[in-house]
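K.L.:
Protein chains in written order, with the working numbering: chain A, 42 to 383; chain B, 42 to 383.
Don't be surprised by glycine CBs; every beta carbon is placed ideally from N, CA and C.
Note that the coordinates shown come from a computational prediction; the quantities given were computed from them, not determined experimentally.
What follows is the structure in structure tokens.
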């Protein structure tokens with residue numbers, strides 16, 4: 042049976058969301074969970090919720106804080122839940138790692154322990170965004186690589202393409218490049234150079250996309266460096282929070298608006314379900330040799346369970362092998378070695 | 042009397058919003074407007090709305106499309122509304138230029154015709170954002186400079202600081218640097234280097250800010266390169282549109298939600314007024330020798346009138362002179378020549 046290693050101490054309210062998410066996951070999905078964290082604490086939490094033998098506890102003594110500096114945590118906390126969980130995957134005991142912990146540490150530890158695929162220079166973090174058309178789009182990279190070369194972006198495009206095919210089920214994903222104007226000549230040095238490579242590639246490249254088009258549903262894979270992607274993701278989250286809180290304030294102000302809000306409550310619920318995606322799943326680190334998913338620190342049990350489900354799908358569909366194969370295929374089709382190393 | 046040169050042909054629905062905005066401006070504010078565009082067309086539009094002698098038409102034969110390539114428009118359309126309007130300011134006939142036209146062309150033409158201040162290397166575009174706390178924050182640069190050096194960001198910080206003092210009335214603006222983590226070591230080469238300079242400067246620098254903090258109200262001036270700033274602005278606009286349209290869809294779905302929405306309509310109105318800022322004013326191009334404001338292409342007459350009001354304030358408070366003086370003051374205080382030229 043497929044087994045997922047789950048960092049039990051990653052989220053802001055750990056370990057409740059993780060334990061609850063694990064309980065739901067084994068109930069709904071056909072898999073086993075290795076819950077990684079302090080044994081005594083977790084045993085207590087699990088006992089209260091489930092006696093399912095498919096949830097197993099793997100002891101780890103150290104917990105890394107969300108804001109702990111990466112280098113220090115990597116060096117000094119080798120028995121952290123992140124290290125132990127990733128080692129379970131590397132050793133083949135589990136097939137994927139899921140964590141809502143410190144993103145920087147998870148990325149660095151995953152590259153160190155799981156290793157990068159041979160054909161990939163830089164693993165990248167992919168996020169799934171909702172679109173107005175009711176669909177989904179992949180944004181890659183959302184924070185693994187603050188500094189990029191043009192050919193890194195081409196590799197991100199290929200990985201995003203595979204992810205959109207495997208997980209979103211899009212047959213021929215439309216690839217767009219984040220820039221600040223639609224013409225080829227707009228943008229900065231990095232995007233202008235990446236544009237040329239993407240245009241020559243065998244990918245379904247549709248050109249530059251601007252911030253306001255990201256959510257329109259006209260593009261399936263949105264490619265950018267990790268600095269820009271992280272800014273897009275965090276800004277979207279900020280605007281969403283701002284608007285939600287602002288609307289709530291206005292609705293509470295008078296009796297008629299409060300009554301109206303109550304009458305319309307189902308619409309607000311559906312709205313929340315539709316767009317409250319920031320906490321709703323995991324972002325896979327694509328380009329490493331095994332499956333690794335990073336969840337939002339604010340994750341609730343539903344988000345953890347969703348991330349476990351996506352991790353399972355990525356394992357079953359052999360995402361890492363597919364990425365390796367696709368990079369080679371595109372390189373051959375394009376008669377060009379996609380390599381940014383130097 | 043202070044006179045504003047207004048590009049009558051800039052917005053998506055020109056010249057209606059411009060003519061209407063000009064009529065409201067002369068009625069409410071103590072100023073005159075030089076409306077720049079095809080004389081016959083504008084005469085007809087103005088005659089229908091007002092006989093106020095403070096609205097004057099200045100003929101310009103050419104109109105630049107919103108998506109027209111910058112270099113071509115600059116070279117070939119020297120009698121465009123943008124060129125003519127800026128020349129009116131340069132020649133001293135008007136004191137500020139306002140346009141909702143092609144941003145790239147306005148910026149390039151303004152640098153060419155109005156010229157850059159002696160102490161500034163690169164003019165930058167500043168946008169005003171609403172914050173949750175009910176206040177306002179300045180985001181600079183939102184698109185004038187896709188490629189920046191660290192000291193350009195320091196100059197943007199100084200210009201943003203002045204703008205926040207003059208227009209938002211903030212006594213000691215808190216300056217933040219857009220990055221992808223709060224610690225100094227996070228971000229890319231540009232932000233890490235800029236961080237060091239800002240920390241040493243006499244500005245009230247509070248460190249890095251991430252996307253989700255932009256709208257919290259904890260920072261008054263948000264500094265970044267023009268690529269990042271443009272992505273932030275456009276993404277915010279995209280999320281706002283997505284959420285507004287998505288909520289409308291959900292509210293229209295059933296009778297109770299439609300009734301609820303009708304009862305709560307005042308809350309939605311106040312909400313719209315509070316956050317519908319993307320079309321609500323103008324972004325000044327700071328660092329040129331005279332006042333130049335760029336409005337959103339979607340601007341309505343209210344947005345045009347607001348931009349005219351801000352242009353007037355910037356002229357009356359001598360923003361360009363203040364920026365020149367402040368750059369020199371900070372340089373002296375910091376014992377360092379803030380210069381990025383090379």
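Straight-line CA distance for residue 316(B) to residue 209(B)?
P.N.:
Distance between the alpha carbons of residue 316(B) and residue 209(B): 17 Å.
K.L.:
When the Cα of residue 288(B) is compared with those of 129(B), 276(B), 275(B), 302(B), which residue comes out closest?
P.N.:
Cα-wise, what sits closest to residue 288(B) is 302(B).
K.L.:
Can you say whether residue 310(B) is buried or exposed, counting buried as having 16 or more other CB atoms within 10 angstroms of its CB?
P.N.:
Exposed, because fewer than 16 other Cβ atoms sit within 10 Å of the Cβ of residue 310(B).
K.L.:
Of the residues that make up the region 128–160 of chain B, which ones have a beta carbon closer than 7 Å to any beta carbon in chain A?
P.N.:
Cβ contacts with chain A come from no residue of the region 128–160 of chain B.
K.L.:
Can you list, in chain order, the residues of its chain with a C-beta nearer than 7 Å to that of residue 369(A)? Leave out the 5 residues immediately preceding and following it.
P.N.:
For residue 369(A), where only same-chain residues beyond five positions count, the Cβ hits under 7 Å are 160.
K.L.:
Please go through the region 117–201 of chain A and give each complete alpha helix (DSSP H) segment of 4 or more residues, from N-terminal end onward.
P.N.:
Whole alpha helix (DSSP H) segments, 4+ residues: 122–131, 144–154.
K.L.:
Rounded to whole angstroms, what's the CA-CA distance from residue 341(A) to residue 58(A)? Just pull it up for me.
P.N.:
Taking the straight line from one Cα to the other gives about 5 Å.
K.L.:
Is the CB of residue 234(B) under 9 Å away from at least one CB in chain A?
P.N.:
It does not: the Cβ of residue 234(B) has no partner Cβ on chain A nearer than 9 Å.
K.L.:
Taking 8 Å as the cut-off, does the region 268–285 of chain B touch the region 177–187 of chain B (at least 3 CB pairs, one atom from each stretch)?
P.N.:
Taking 8 Å as the limit for Cβ pairs, the verdict is that the region 268–285 of chain B does touch the region 177–187 of chain B.
K.L.:
Using a C-beta cutoff of 9 Å, does residue 240(A) count as contacting chain B?
P.N.:
For residue 240(A), the answer is no, since every Cβ of chain B falls outside 9 Å of its Cβ.
K.L.:
Got a sec, what are the start and stop residues for the alpha helix (DSSP H) residue 65(A) sits in?
P.N.:
It spans 57–69 - the alpha helix (DSSP H) in which residue 65(A) sits, taken as one unbroken run.
K.L.:
Please classify residue 134(A): is it buried, with 16 or more other beta-carbons within 10 angstroms of its beta-carbon, or exposed?
P.N.:
Burial call: exposed.
K.L.:
Would you be able to state if there are at least three C-beta pairs under 8 Å between the region 238–247 of chain A and the region 252–264 of chain B?
P.N.:
No, the region 252–264 of chain B is not in contact with the region 238–247 of chain A.
K.L.:
How many angstroms separate the CA atom of residue 472(A) from the CA atom of residue 67(A)?
P.N.:
For chain A, the structure presents residues 42 to 383; residue 472(A) sits outside this window and is missing.
K.L.:
So that I know if they touch, is there some Cβ in chain B lying closer than 9 Å to that of residue 228(A)?
P.N.:
Cβ-Cβ to chain B under 9 Å: yes for residue 228(A).
K.L.:
With a CB to CB cut of under 7 Å and the five nearest residues on each side skipped, what residues in its chain are close to residue 55(A)?
P.N.:
Once the five neighbours on either side are set aside, the close Cβ partners of residue 55(A) are 49.
K.L.:
Counting only Cβ pairs nearer than 7 Å, list the residues of chain A close to residue 277(B).
P.N.:
What residue 277(B) touches in chain A: 276, 280.
K.L.:
Mind listing the chain A neighbours of residue 308(B)? Cutoff is C-beta to C-beta under 8 Å, in chain order.
P.N.:
In chain order: 288, 291, 292, 294, 295, 298, 301, 302.
K.L.:
Taking only beta-carbon positions, decide if residue 315(A) is within less than 9 Å of chain E.
P.N.:
The structure shown contains no chain E; its protein chains are A and B.
K.L.:
For a contact defined as C-beta to C-beta under 7 Å, what are the partners of residue 251(B) on chain A?
P.N.:
Ordered by position in chain A, the residues that pass the 7 Å Cβ test against residue 251(B) are 275.
K.L.:
Spell out whether any CB of chain B is found under 9 Å from the CB atom of residue 205(A).
P.N.:
Cβ-Cβ to chain B under 9 Å: no for residue 205(A).
K.L.:
Would residue 383(A) be called buried (16 or more neighbouring beta carbons within 10 Å of its own) or exposed?
P.N.:
Note on residue 383(A): pLDDT 41, under 50, position unreliable in the model; the coordinate value appears next. Looking at its Cβ environment, which holds fewer than 16 other Cβ atoms inside 10 Å, residue 383(A) is exposed.
K.L.:
Against chain A, does residue 51(B) count as a neighbour if the rule is that its beta carbon must be under 9 Å from one of theirs?
P.N.:
No, no contact with chain A.
K.L.:
Identify, in the order they occur along the chain, each residue of the same chain with its Cβ nearer than 7 Å to the Cβ of residue 227(B), setting aside the five sequence neighbours on each side.
P.N.:
If we look at residue 227(B) and ignore the five residues flanking it on each side, its Cβ neighbours are 220, 221, 249.
K.L.:
Grab the span of the beta strand (DSSP E) containing residue 325(B) for me, first residue to last.
P.N.:
Residues 323–327.
K.L.:
Quick one: list the residues of chain A neighbouring residue 312(B), beta-carbon separation under 7 Å, in chain order.
P.N.:
287, 288, 291, listed in chain order.
K.L.:
What does residue 219(A) reach in chain B if we use C-beta pairs closer than 8 Å?
P.N.:
272, listed in chain order.
K.L.:
May I ask you to list, following chain order, the residues of the region 173–204 of chain A that have a beta carbon less than 8 Å from some beta carbon of chain B?
P.N.:
Listed by position along the chain: 173, 184, 187, 188.
K.L.:
Please identify, using Cβ separations under 8 Å, the residues of the region 105–124 of chain A that lie next to chain B, in order along the chain.
P.N.:
From the region 105–124 of chain A, only 108, 110 have a Cβ closer than 8 Å to chain B.
K.L.:
Would you be able to state if there are at least three C-beta pairs under 8 Å between the region 142–156 of chain B and the region 107–123 of chain B?
P.N.:
Touching, per the Cβ criterion.
K.L.:
Report the rounded CA-to-CA distance for residue 345(B) versus residue 103(A), giving the unit in angstroms.
P.N.:
If I take the Cα positions, the gap works out to 58 Å.
K.L.:
Under DSSP, the alpha helix (DSSP H) around residue 235(B) begins and ends at which residues?
P.N.:
From DSSP, the alpha helix (DSSP H) with residue 235(B) extends over 230–241.
K.L.:
Whole angstroms is fine: what's the gap from residue 95(A)'s alpha carbon to residue 44(A)'s?
P.N.:
Each residue's alpha carbon lies about 9 Å from the other.
K.L.:
Please report the distance separating the alpha-carbon of residue 324(A) from that of residue 229(B).
P.N.:
The straight-line gap from Cα to Cα measures roughly 21 Å.
K.L.:
Please determine if the region 79–93 of chain A and the region 359–366 of chain A are in contact, where contact requires at least 3 C-beta pairs separated by less than 8 Å.
P.N.:
The region 79–93 of chain A is not in contact with the region 359–366 of chain A.
K.L.:
Against chain A, with Cβ distances strictly below 9 Å, would residue 335(B) count as a contact?
P.N.:
Cβ-Cβ to chain A under 9 Å: no for residue 335(B).
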